[in-house]
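Numbering (this note's numbering), first residue to last: 8 to 291.
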């Protein structure tokens with residue numbers, strides 16, 4: 008009876024051991040043969056300091072000299088006329104004639120543009136690192152604009168996504184600083200916010216977008232207030248495959264093992280076969 012119980016225990020332990028090994032092998036092979044397919048691009052935003060100062064001055068002047076509003080019977084907004092001096096200043100800094108840019112970055116056209124293929128859906132995600140400064144605290148909501156262009160610089164797709172820094176009250180900030188002050192002093196913690204903005208995801212209307220035509224990518228941050236970003240930012244582009252078969256097919260199609268041999272490889276193979284045939288004929 009004791010031998011039977013011992014045999015049953017060993018049998019179940021063996022089954023459990025084999026099952027565990029099978030799961031581990033499956034997970035390892037899955038992560039090795041079917042890796043996450045995507046690319047990361049470092050983003051260095053261009054800041055036009057003169058443009059930022061100009062719009063900040065214009066914004067403050069308009070708010071200072073226009074404290075009241077007029078309303079007609081139809082409740083439509085009509086701003087009061089500006090003084091002549093302010094009118095000239097506004098015309099001088101009019102956005103339509105001013106040669107200035109928002110915070111932007113043009114992703115260079117690299118060879119990895121072959122990464123985009125027809126029939127697949129790609130997700131774009133922007134990672135920003137922003138210091139906990141007074142300028143960013145006063146920033147509020149800002150917009151991130153993504154533009155996709157083809158080889159002739161024709162716009163293929165455009166989308167805006169909002170972003171905002173997480174809010175912390177002064178009481179919570181003080182309590183956090185007091186609790187973690189040793190970690191801040193040694194540099195293990197920093198006053199930096201890391202935010203992730205999904206520019207293209209399952210909620211974007213990209214059914215008619217042919218990603219294979221993308222040749223140029225532009226990212227722009229629209230805000231009237233100064234913004235501070237720690238470079239470099241990160242643009243993560245990942246392919247969204249529907250099932251495992253698509254991922255396996257994509258991996259094997261792009262693998263160098265299954266590439267077509269070039270002329271040099273073919274010539275070497277023929278030479279090797281020729282020498283083998285000569286050796287066999289001599290042995291006979």
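We put the beta carbon where it would ideally sit given N, CA and C, even for glycine.
For the set 196, 243, 178, 27, the Cα lying nearest the Cα of residue 204 is the one of 243. Comparing alpha-carbon positions, the option among 218, 36, 135 lying closest to residue 228 turns out to be 135.
Rounded to the nearest angstrom, the Cβ distance from residue 218 to residue 123 is 4 angstroms, consistent with a contact under 8 angstroms.
The stretch 146 to 220 is shown to contain whole alpha helix (DSSP H) runs of 4 or more residues at 177 to 186, 188 to 193, in chain order.
Residue 144 holds the alpha-carbon nearest to the alpha-carbon of residue 199 among 162, 210, 144. Taking 8 angstroms as the cut-off, the beta carbon of residue 52 is found no closer than this to the beta carbon of residue 202. The beta carbons of residue 171 and residue 147 sit about 7 angstroms from each other, so the pair counts as a contact at 8 angstroms. In this structure, the CA atom of residue 50 is about 31 angstroms from the CA atom of residue 187. The DSSP-derived three-state label of residue 44 is coil. Nearest in C-alpha terms to residue 141, of all of 23, 19, 177, is 177.
Taking residue 173 as the centre and dropping the five residues before and after it, the same chain places the C-beta of 200 closer than 7 angstroms to its C-beta, in chain order.
As computed with DSSP, residue 49 is found in a beta bridge with 241.
In terms of Cα proximity to residue 133, the closest of 125, 150, 139 is 150.
Residue 154 places its beta carbon less than 8 angstroms from that of residue 225. DSSP, reduced to helix, strand and coil, places residue 131 within a strand of the structure shown. Rounded to whole angstroms, residue 19 and residue 11 show a C-alpha spacing of 12 angstroms. Residue 125 and residue 115 have their C-alpha atoms spaced approximately 21 angstroms apart.
Taking C-alpha positions only, residue 16 is separated from residue 36 by approximately 30 angstroms. If you look at residue 54, you'll find it isn't in any beta strand (DSSP E); DSSP assigns it neither H nor E. Just so you know, the alpha carbons of residue 223 and residue 47 end up roughly 15 angstroms apart.
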